[in-house]
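Chains as they are written, first to last, in this note's numbering: chain A, 1 to 383; chain D, 1 to 407.
In this text, a Cβ means the ideal position worked out from N, Cα and C, and glycines have one as well.
Below you'll find the structure, written out as structure tokens, and then a few comments.
Structure representation (structure tokens):
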């Protein structure tokens with residue numbers, strides 16, 4: 001914690017675009033005219049895919065004028081098809097696990113970000129499975145960070161593990177599939193843990209759970225999985241590969257994919273932060289394209305893409321710009337969200353501020369199940 | 001424990017200057033809300049390894065606060081008393097271990113949704129203090145130069161894009177030995193205006209020679225014993241598997257190298273380098289981050305009148321454990337250029353935060369791209385020059401006159 005020093009940065013003002021300006025400029029890039037598809041009615045078989053554009057990306061490097069070059073797929077392909085929320089505020093703790101879990105419970109959780117504990121409030125997965133009486137394999141969470149292993153269900157005694165999501169941790173799958181990887185090569189980059197959590201790094205012990213998930217859920221032999229993994233350039237790409245396989249083999253109706261490559265920003269290397277954003281842009285589009293090409297998903301899937309939060313502003317003297325998300329300033333709390341799919345209006349820009357915990361009640365309304373403990377509000381623009 | 005319970009004996013473990021300052025202002029500390037007392041002691045406890053400018057700032061802050069009437073002090077600090085603290089925090093040994101307290105306070109304020117209130121109070125407090133006791137103007141107009149080393153190259157990359165609106169962008173800069181010319185200018189400034197810890201050179205690789213002992217300097221290459229010792233420590237903590245990320249950070253922050261691993265023979269500079277590795281994020285693995293963060297912290301703490309930073313190539317990204325375990329690796333020249341470009345932008349931002357920034361001059365230059373950006377008084381903003389120019393001529397344009405700012 002650094003006491004902020006005096007910082008009169010008036011000379012920066014010509015560089016600063018208002019949020020409205022840059023978001024309008026991004027929308028202007030979307031050439032497809034607005035189409036209303038709201039006639040789409042809630043129906044059995046609807047699916048929802050949530051992708052967290054993580055961990056932590058600023059407007060400056062995404063939808064601001066110079067940032068748009070980093071997300072060409074979002075801008076050209078997904079934005080024209082989406083209802084875009086330009087101000088999604090995270091009022092909670094800006095740590096990736098606790099913030100992502102808060103988005104999933106609809107409550108700003110206050111547990112220690114690094115504890116890895118299950119949240120006290122029911123998750124979206126539990127509401128979904130209990131409310132719609134869905135089976136175990138219909139809700140899944142995929143995360144590249146092993147620290148997210150307990151995000152699939154809460155400790156609430158009325159919900160809990162019997163209604164929770166299956167959790168796939170691709171790095172652990174790979175560790176299980178290719179024990180001894182660090183000596184015989186190829187996987188270390190994929191097994192990279194976050195900068196903030198090196199202790200969880202590569203080499204986690206193989207478990208029967210992971211091997212069983214590989215064979216019974218994903219229908220991979222350990223050798224096949226390891227062979228495929230060799231062609232992956234990052235942990236997030238491995239996660240999306242796993243997601244595609246899961247969608248093909250199990251077709252869950254509720255799927256949450258947390259991406260995390262961007263958080264390399266904590267190492268202070270701006271180039272790697274940008275690489276992470278560009279890769280995440282490609283992967284989001286890859287997920288959407290897979291949805292459109294899959295008979296199980298096409299025409300009945302709503303996808304939400306949102307960062308868990310932003311990162312500190314360059315002008316904030318208490319931080320070091322893109323590197324961290326420690327100040328709680330506007331840039332670090334404000335991000336965006338895209339909603340795409342049947343029933344969601346296309347090429348629509350929502351300027352009002354919404355809250356990152358609004359996602360759970362919105363999906364509950366969309367799919368038709370109650371979310372009694374979620375504290376956010378339904379977003380009427382997408383239901 | 002509450003501040004009202006403080007006594008001189010509690011500062012017995014403090015270093016001499018810190019102990020004296022705390023004891024001299026004991027009556028003040030007893031009157032402060034706990035949060036503010038602990039945060040101020042966090043500044044005091046490192047007073048003996050602080051640079052002259054920051055030491056003066058801390059001392060002036062205490063003198064100002066001690067000079068206030070009881071009502072004035074209450075008015076300025078009462079907001080901190082409104083923050084609610086847990087019994088565990090109050091029971092912490094915040095006098096002997098104010099840094100640990102501050103880390104736990106930060107986590108608690110986030111969890112209890114009080115962090116924004118704290119930031120607001122802190123900003124208001126600092127603004128009031130700075131208004132009452134403004135920092136002294138620099139001894140001469142400030143000058144900073146960022147050199148992007150010759151190996152760093154990325155064809156087609158829009159260099160200095162963030163900086164261009166603020167100065168003149170030169171697209172055809174020639175040089176036979178530009179980095180040495182810049183360092184000669186640094187040495188000249190140090191000779192003309194001697195300021196203890198006021199003239200600095202940070203190198204992200206092997207340092208070039210500087211013809212002045214009045215210039216403080218350190219480098220990525222020469223500090224490798226410190227870095228490697230810390231990396232070994234980190235690796236042992238990771239291998240041990242018993243410490244989480246918070247514990248690891250605390251261990252790094254508290255870490256001190258064994259005798260013989262320090263390199264500059266100046267205790268303040270040595271301690272600063274240790275702080276950069278122990279308290280920085282990514283400074284231990286990427287030389288570009290080491291340079292950027294060091295420049296940021298130097299500008300914040302030492303408030304130099306002259307600063308030259310030089311970026312070299314950083315290692316290619318590998319797994320975190322691999323990077324922590326082994327310093328030798330393939331270099332990423334294109335990525336390093338992007339890092340250095342943004343590092344230059346951040347150095348300029350940090351320069352503008354200092355008193356006298358309106359007269360400060362700034363130069364960033366890439367040897368391989370033959371491009372430079374010059375910002376300063378008299379230089380038109382948002383302009384471009386395609387005329388050929390030498391780095392020596394550019395230095396003449398950018399270097400402010402060696403007279404006290406505001407004189």
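Inter-residue spacing [alpha-carbon to alpha-carbon] between residue 188/D and residue 215/D: Indexing the second chain from 1 puts residue 188/D at position 188. Indexing the second chain from 1 puts residue 215/D at position 215. When rounded, the distance between both Cα atoms is 10 Å.
Flag this pair as yes or no: are the beta carbons of residue 140/D and residue 57/D separated by less than 8 Å? Along the second chain, one-based indexing puts residue 140/D at 140. Along the second chain, one-based indexing puts residue 57/D at 57. Taking 8 Å as the Cβ cut-off, residue 140/D and residue 57/D do not qualify as a contacting pair.
Nearest to residue 205/D by alpha carbon, out of 289/D, 169/D and 254/D? Start at 1 with the first residue of the second chain, and residue 205/D comes out as number 205. For residue 205/D, the nearest C-alpha among the options comes from 289/D.
Beta-carbon separation (whole angstroms), residue 319/A vs residue 327/A, contact threshold 8 Å: For this step, residue 319/A is matched to residue 319 along the first chain. For this step, residue 327/A is matched to residue 327 along the first chain. Residue 319/A to residue 327/A, Cβ: 4 Å. Contact.
Residue(s) in a DSSP beta bridge with residue 166/A: In the first chain, counting from the first residue as 1, residue 166/A sits at position 166. Here residue 166/A is bridged, per DSSP, to 140/A.
Cβ neighbours of residue 334/D in the same chain (closer than 6 Å, five flanking residues each side left out): Indexing the second chain from 1 puts residue 334/D at position 334. Answer for residue 334/D: 154, listed in chain order.
Members of the segment 276-292 of chain D that neighbour chain A once the beta carbon cut-off is set at 9 Å: 280, 281, 282, 283, 285, 286, 288, 289, 290 and 292
Any chance you could list the alpha helix (DSSP H) runs of at least 4 consecutive residues sitting entirely within the segment 144-200 of chain D, in chain order? 178-192
With DSSP collapsed to three states, give me the class of residue 32/A. Within the first chain, the letter at position 32 stands for residue 32/A. Summary for residue 32/A: the model assigns pLDDT 42, below 50, so the residue's position carries little reliability; its value from the coordinates is reported in the next sentence. In the structure shown, the three-state DSSP call for residue 32/A is coil.
Three-state secondary structure (DSSP) of residue 98/D: Residue mapping note: residue 98/D aligns to position 98 of the second chain, counting from 1. Of the three classes helix, strand and coil, the one that applies to residue 98/D here is helix, per DSSP.
Using a C-beta to C-beta distance shorter than 7 Å, which residues of chain D count as neighbours of residue 317/A? Position 317 of the first chain holds residue 317/A. Residues of chain D passing the Cβ test: 353.
Bounding residues of the beta strand (DSSP E) (the contiguous stretch that carries residue 54/D): Taking the second chain and counting its residues from 1, one reaches residue 54/D at position 54. Taken as a continuous stretch (DSSP letters only), residue 54/D belongs to no beta strand (DSSP E), being part of the alpha helix (DSSP H) at 52-67.
Since residue 111/D meets chain A, which of its residues come closer than 7 Å, beta carbon to beta carbon? The residue labelled residue 111/D in the question sits at position 111 within the second chain. 93 and 110, listed in chain order.
Can you check which of these residues, 256/A, 245/A, 239/A and 268/A, is closest to residue 279/A by C-alpha distance? Indexing the first chain from 1 puts residue 279/A at position 279. Ranking the options by Cα distance to residue 279/A, first place goes to 239/A.
Quick check on residue 231/A: buried or exposed, where buried means 16 or more other Cβ atoms within 10 Å of its Cβ? Counting from one through the first chain, the residue named residue 231/A turns up at place 231. Counting Cβ neighbours within 10 Å, residue 231/A comes out exposed, since fewer than 16 surround it.
Please confirm whether residue 340/A and residue 82/A have their CB atoms less than 8 Å apart. The residue given as residue 340/A occupies position 340 in the first chain. The residue given as residue 82/A occupies position 82 in the first chain. Contact: yes.
Examine chain A for any beta-carbon lying closer than 8 Å to the beta-carbon of residue 116/D, and answer yes or no. Numbered from 1 along the second chain, position 116 holds the residue referred to as residue 116/D. So yes, residue 116/D belongs to the interface.
Is residue 338/D close to chain E? Criterion is C-beta to C-beta, closer than 8 Å. In the displayed structure, chain E is absent; the protein chains listed are A and D.
Beta-carbon separation (whole angstroms), residue 370/D vs residue 174/D, contact threshold 8 Å: On the second chain, residue 370/D is found 370 positions in, with the first residue counted as 1. On the second chain, residue 174/D is found 174 positions in, with the first residue counted as 1. Indeed, because the Cβ distance is near 7 Å, the residues count as touching under 8 Å.
Of all Cβ atoms in chain D, is any one closer than 8 Å to the Cβ of residue 277/A? Against the first chain, residue 277/A aligns to sequence position 277. At a cut-off of 8 Å, the C-beta of residue 277/A has no neighbouring C-beta in chain D.
Can you name, in chain order, every residue of its own chain whose Cβ lies under 7 Å from the Cβ of residue 30/D, other than the five neighbours on each side? In the second chain, counting from the first residue as 1, residue 30/D sits at position 30. 3, 4 and 6, listed in sequence order.
Does the segment 83-103 of chain D come into contact with the segment 34-53 of chain D, if we say contact requires no fewer than three beta-carbon pairs (one atom in each stretch) closer than 8 Å? yes
In this structure, does DSSP put residue 340/A in helix, strand or coil? Within the first chain, numbered from 1, the residue matching residue 340/A stands at position 340. It is a strand residue.
For the segment 147-174 of chain A, which residues have a CB atom closer than 8 Å to at least one CB atom of chain D, in sequence order? none
Please report the residue range of the beta strand (DSSP E) in which residue 121/D lies. Residue 121/D sits at position 121 when you count from the first residue of the second chain. Premise fails: residue 121/D lies in the alpha helix (DSSP H), 115-132, not in any beta strand (DSSP E).
Neighbourhood of residue 38/A by C-beta, 7 Å cutoff - its chain only, sequence neighbours within 5 removed: Here residue 38/A is taken as the residue at index 38 of the first chain, counted from 1. Model confidence at residue 38/A stands at a pLDDT of 43, short of 50, so the residue's coordinates are unreliable and nothing is read from them.
Using a beta-carbon distance below 8 Å, is residue 320/A in contact with chain D? The residue given as residue 320/A occupies position 320 in the first chain. By this cut-off, residue 320/A is an interface position.
Whole-number beta carbon distance between residue 270/A and residue 342/D, since they are thought to touch under 8 Å: For the purposes of this step, residue 342/D is identified with residue 342 of the second chain, where counting begins at 1. For the purposes of this step, residue 270/A is identified with residue 270 of the first chain, where counting begins at 1. With 8 Å as the limit, residue 342/D and residue 270/A qualify as a contact, their Cβ atoms being about 4 Å apart.
What residues in the segment 233-258 of chain A have a beta carbon less than 7 Å from any beta carbon of chain D? none
Using only the alpha-carbon positions, how far apart do residue 24/D and residue 141/A sit? Here residue 24/D refers to the residue found at position 24 when the second chain is read from its first residue. Here residue 141/A refers to the residue found at position 141 when the first chain is read from its first residue. Cα-Cα distance, rounded: 58 Å.
From 65/D, 34/D and 257/D, pick the residue whose C-alpha is nearest to that of residue 227/D; which is it? To locate residue 227/D, count along the second chain from 1; it is residue 227. The option with the nearest alpha carbon to residue 227/D is 257/D.
Strictly under 8 Å for the Cβ-Cβ distance: is residue 119/D near chain A by that measure? The residue you call residue 119/D lines up with position 119 of the second chain. Judged by the 8 Å Cβ criterion, residue 119/D is in contact with chain A.
Helix or strand or just coil, what does DSSP make of residue 219/D? As a first step, residue 219/D must be located in the second chain, where it is residue number 219. Strand at residue 219/D.
At least 3 beta-carbon pairs within less than 8 Å: the segment 67-76 of chain D vs the segment 146-164 of chain D: no
What does the Cβ neighbour count give for residue 340/D, buried or exposed, with the cut at 16 atoms within 10 Å? Position 340 of the second chain, counted from the start, is the residue given in the question as residue 340/D. That one is buried.
Return yes when the Cβ of residue 202/D is within less than 8 Å of the Cβ of residue 147/D, no when it is not. Locating residue 147/D in the second chain gives position 147, where the first residue counts as 1. Locating residue 202/D in the second chain gives position 202, where the first residue counts as 1. Their beta carbons are not under 8 Å apart, which means residue 147/D does not touch residue 202/D by this criterion.
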